[in-house]
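In my numbering, the protein residues as written are 18 to 73.
Just so it is clear, CB atoms sit at the ideal spot from N, CA and C, and this is done for glycine as well.
Quick caveat, the model's predicted, so the values are computed rather than measured.
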Amino acid sequence: MDEPGRAVALESDLRYYARRLSMERAAAERAVTAEARERRMRLVESYQRKLAALGG
Numbered sequence: 018m019d020e021p022g023r024a025v026a027l028e029s030d031l032r033y034y035a036r037r038l039s040m041e042r043a044a045a046e047r048a049v050t051a052e053a054r055e056r057r058m059r060l061v062e063s064y065q066r067k068l069a070a071l072g073g
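Next up, the structure:
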């Protein structure tokens, strides 16, 4: 639980989506099966759309 008066650093949406995009792209490259790679690539596409919507 946060303490009153204590600052909490939050990650911006832009930075979060960029980080997740990178992580999912790397996971897709390591995927063992085609199905797993396709799932990861769908997530990559989703994060790309979200970044584009934010102007990233």
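Check the Cα spacing between Met40 and each of Gly72, Leu71 and Gln65: the tightest is with Gln65. At a Cβ-Cβ threshold of 8 Å, Arg42 and Val61 count as neighbours. Counting only the Cα atoms, Gly22 lies some 30 Å from Arg37.
Per the coordinates, the alpha-carbon of Ser63 lies some 19 Å from the alpha-carbon of Glu28.
Annotated three-state conformation of Glu46 is helix, per DSSP.
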